[in-house]
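Below is one structure; the comments refer to it alone.
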Amino acid sequence: MQRKLGIPPDGVFGPQTERALRRWQRRHGLTADGIAGPMTRRALGLGRG
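Numbering follows the working numbering, with no gaps: position 27 of the sequence shown is 27.
The structure is reproduced here in structure tokens:
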């Protein structure tokens, strides 16, 4: 997920990942809640996780 968000992958869903996810969600017309729920994961092209 971190690669798809354009940040260096560290394997931790921390504050940096949450901020990047919120930005990505806003840019893609999703609710910018910072949660990698089903709609966000689908839009990112990720599986269920």
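Beta carbons are placed, not taken as given, at the ideal position from N, Cα and C, and that holds for glycine.
Given a cut-off of 7 angstroms on the beta-carbon distance, is the pair R41 and A32 in contact?
no
With a threshold of 16 other CB atoms inside 10 Å of the CB of L5, please say whether the residue is buried or exposed.
buried
Buried or exposed for L21, please, with buried defined as at least 16 other CB atoms from any protein chain shown within 10 angstroms of its CB.
buried
Helix, strand or coil at M39 [DSSP, three-state]
helix
Measure the C-alpha to C-alpha separation of G45 and M1 and round it to an integer number of angstroms.
9 angstroms
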